[in-house]
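Take a look at the structure below.
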Amino acid sequence: MAVREILIHPDARLREVAKPVEFPLSDEVKGVIQDLADTMYDAPGVGLAAPQIGVSLRIAVTDTVWRSEEVRHNKDEEPCGEIRDLRVWINPEFLWKSEETATWEEGCLSVPETYAEVTRPAAVRLRWYDAEGMKHEQEFEGFQAVALQHEFDHLEGRLFIDYLSPLKRNLITKKMKKRFKS
Ligand code: NI
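Residue numbering for the sequence shown follows my numbering, starting at 126 and increasing by one per position.
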């Protein structure tokens, strides 16, 4: 159980395609899941994928219910720091994405202090495994659909800034290099 260091763009490890997780989970992988949750809540953030802490495995955690003052995605929304809904997504796979799209402002713990509008499918159907190895399938929409697509991208080595124009992306990369020298 530990808060781990979050890798900052343009760290090359954020660009790797993560490896599938094997069941039953090893103690090491269980530790990674705990660390992901601890690190996400500490940041604070609403989602975190294993590659962001330097672990190349297809695992992400989200909590789109819990929101501290800092991570409300909508300024009119009441913060509700007491209610938590930690979700663990292992080996997630999209079975369907809607043709209808939605545009949300996104940010990322690996691209600090940067927000931009990204357009993605508005609804998705996901298959995934939970920490107990149970397989699930469910349709998601709204903010949860955004969060899942954002986290899935991390497992593919993609970042939300990849959806922006090359000009914007280069400006962000320069800013990150300057501010967060690694
Ligand atoms: Ni992210």
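We put the CB at the ideal spot given by N, CA and C, even for glycine.
K155 and A256 have their alpha carbons spaced roughly 8 Å apart. V213 is a Cβ neighbour of V186, given a cutoff of 7 Å. E218 sits away from A247, with the two beta carbons spaced by 7 Å or more. By a beta-carbon distance limit of 8 Å, R183 does not contact P237. Their separation comes to about 24 Å. E266 is bridged by DSSP to A248. Here DSSP, grouped into helix, strand and coil, assigns F305 to coil.
Taking L161 as the centre and dropping the five residues before and after it, the same chain places the C-beta of L173, V186 closer than 6 Å to its C-beta, in chain order. Per DSSP, the unbroken alpha helix (DSSP H) holding L161 starts and ends at 152-167.
Here L292 carries a helix assignment [DSSP, helix/strand/coil].
DSSP lists H261 as the bridge partner or partners of W253.
In the three-state DSSP reduction, V190 falls in the coil class, being neither helix nor strand.
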